[in-house]
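According to the numbering used here, the sequence shown is numbered sequentially starting from 55. Yeah, the Cβ is synthetic: ideal placement off N, Cα and C, and Gly gets one too. A quick write-up on the structure given underneath.
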Amino acid sequence: AFALLLAAGALTVCLHPALREREVLAHTRYAVALGDWDRVLALATPAQCDQDETLIPLALLALQEKGQLGERMFTYPVIQEDDFDRCDRDNEPESLFFLGFLYERLGGYNEAIHNFYQLSSSQDHGTSFLVLRQLLSDYYQLGNYTLAEKYCQILSRSTLHGQYVRHFRRLMAEGVAREPDPPAVRSGMPLASHNPLENLFQLGSVGLYSPAIAERTLCTLLLQGELGAFHALFETVYLDGDAIPRHYQEALLLAGQTPAGISPAVRQRFDAFQADMLSGTAELLRDRYLGTYWYYYLAHSQF
55 AFALLLAAGA LTVCLHPALR EREVLAHTRY AVALGDWDRV LALATPAQCD
105 QDETLIPLAL LALQEKGQLG ERMFTYPVIQ EDDFDRCDRD NEPESLFFLG
155 FLYERLGGYN EAIHNFYQLS SSQDHGTSFL VLRQLLSDYY QLGNYTLAEK
205 YCQILSRSTL HGQYVRHFRR LMAEGVAREP DPPAVRSGMP LASHNPLENL
255 FQLGSVGLYS PAIAERTLCT LLLQGELGAF HALFETVYLD GDAIPRHYQE
305 ALLLAGQTPA GISPAVRQRF DAFQADMLSG TAELLRDRYL GTYWYYYLAH
355 SQF
């Protein structure tokens, strides 16, 4: 009888939609913390993101890390800029979790630490082991060995994190982290604002410019419908002969630009889109073009 009761309880947990969503989110968060981006995308599929919007920025972060934002971003249910950067909800725990890892991947360790601290203060159970590990890692990356050792000491009291602590203590002994920024540089470091473009430009202004920052900037401009600015930045990032991601091809055609890298298939589909815009219904346009930048732009036609 007990075994039957246990099996019934397990079945309830597995089948209850809300519990299933929480389980998927927990597994996705863990995969993000490990940097297992293939696992993130396997969990946070477009269909799953459609059920739970908190998965969307994590899935897009995984696409960023795999260099696939410009190719696959609009195949996910992105309906607003906040799905991409969470700047409008940056006081929510899920947003703080995402922003901590986002800035860490972009090299903005000060901003990552700030968000992880905020995350720990927003949780009823206090600072989690995940946050402690990220603070240790980010202080190490900043070259602040004193504070990194502080978190080594805290984590060393747990039998489950000994290998993690030994790993960073060995790295600190070898002195392979980058040198700490001098105070004059740190005083000019950016503080995250509610303007995602400003945040990205500030990161670049202090020497943290990277392909990932360029791609996020391009995608942010697409989300804002700023096709002129997108084209101007695109020409500085992509050289003649570079492969152009699919969504960028779609945006360039929409902006009236026809660089050599646009594929015949995308060009042909754009011609069909223009024809359907004149004679098709809203349902037809959704059925045929959902998952393209054209449909996103059409849905936000107030641009």
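Assign Val185 to one of two classes, buried (16 or more other C-beta atoms within 10 Å of its C-beta) or exposed (fewer than that). Numbered from its first residue, the sequence shown carries residue 185 at position 131. Its Cβ being crowded by 16 or more others within 10 Å, Val185 is buried.
Taking the straight line between their C-alpha atoms, what separation do you get for Gln118 and Val219? To locate residue 118, count along the sequence shown from 1; it is residue 64. To locate residue 219, count along the sequence shown from 1; it is residue 165. In a straight line, the C-alpha of Gln118 is about 28 Å away from that of Val219.
Could you tell me the distance, in whole angstroms, from the CA atom of Phe183 to the CA atom of Thr274? Start at 1 with the first residue of the sequence shown, and residue 183 comes out as number 129. Start at 1 with the first residue of the sequence shown, and residue 274 comes out as number 220. Cα-Cα distance, rounded: 32 Å.
If we ignore side chains and look at the alpha-carbon of each, how far apart do Arg140 and Leu109 end up? Residue numbering aside, residue 140 sits at position 86 when the sequence shown is read from its first letter. Residue numbering aside, residue 109 sits at position 55 when the sequence shown is read from its first letter. Cα to Cα, Arg140 sits roughly 11 Å from Leu109.
Going by other Cβ atoms of all chains shown within 10 Å of its Cβ, with 16 needed for buried, is Thr82 buried or exposed? Taking the sequence shown and counting its residues from 1, the one referred to as residue 82 is at position 28. It counts as buried.
Check the C-beta distance from Phe288 over to Tyr302 and give it rounded, since I have them as a contact under 8 Å. As a position in the sequence shown, residue 288 is number 234, starting the count at 1. As a position in the sequence shown, residue 302 is number 248, starting the count at 1. Indeed they touch by this definition, with Cβ atoms about 6 Å apart.
In angstroms, rounded to a whole number, what distance separates the CA positions of Arg340 and Pro131? By 1-based counting over the sequence shown, the position of residue 340 is 286. By 1-based counting over the sequence shown, the position of residue 131 is 77. Straight-line Cα distance between these residues: approximately 13 Å.
For Tyr171, three-class secondary structure by DSSP: Numbered from its first residue, the sequence shown carries residue 171 at position 117. Three-state DSSP puts Tyr171 in a helix.
Need the endpoints of the alpha helix (DSSP H) that Leu358 sits in, please. Residue 358 falls outside the range modelled here, since the chain spans only 55 to 357, and no answer is possible.
For Ala85, count neighbouring Cβ atoms within 10 angstroms of its own Cβ and tell me buried if that reaches 16, exposed if not. Locating residue 85 in the sequence shown gives position 31, counting from the first residue. Classification for Ala85: buried.
Does DSSP classify Gly242 as helix, strand or coil? Numbered from its first residue, the sequence shown carries residue 242 at position 188. Since pLDDT at Gly242 reaches only 49, below the 50 mark, its modelled position is unreliable, and the value read off the structure follows with that caveat. Note: Gly242 maps to coil in three-state DSSP.
Measuring CA to CA, which of Glu158, Gly162, Asn169 and Thr129 is closest to Glu148? Along the sequence shown, read from residue 1 onward, the residue named residue 148 stands at position 94. Minimum Cα distance to Glu148 is reached at Asn169.
Between the C-alpha atoms of Pro313 and Phe284, what's the straight-line distance to the nearest angstrom? By 1-based counting over the sequence shown, the position of residue 313 is 259. By 1-based counting over the sequence shown, the position of residue 284 is 230. C-alpha separation (whole angstroms): 14 Å.
Roughly how many whole angstroms lie between the Cα atoms of Asp330 and Glu280? In the sequence shown, residue 330 corresponds to position 276, counting from 1. In the sequence shown, residue 280 corresponds to position 226, counting from 1. So the two alpha carbons sit approximately 23 Å from each other.
Out of Ser191, Glu146, Gly295 and Leu306, state which residue places its alpha-carbon closest to the alpha-carbon of Ala166. To locate residue 166, count along the sequence shown from 1; it is residue 112. Of the candidates Ser191, Glu146, Gly295 and Leu306, the residue whose Cα lies closest to the Cα of Ala166 is Ser191.
Does the Cβ of Ala72 have 16 or more other Cβ atoms within 10 Å, making it buried, or fewer, making it exposed? Taking the sequence shown and counting its residues from 1, one reaches residue 72 at position 18. Per the 10 Å Cβ criterion, exposed.
Looking only at C-alpha atoms, which of Ala326, Glu75, Leu308 and Ala266 sits nearest to Leu276? Here residue 276 is taken as the residue at index 222 of the sequence shown, counted from 1. Comparing Cα positions, the closest option is Leu308.
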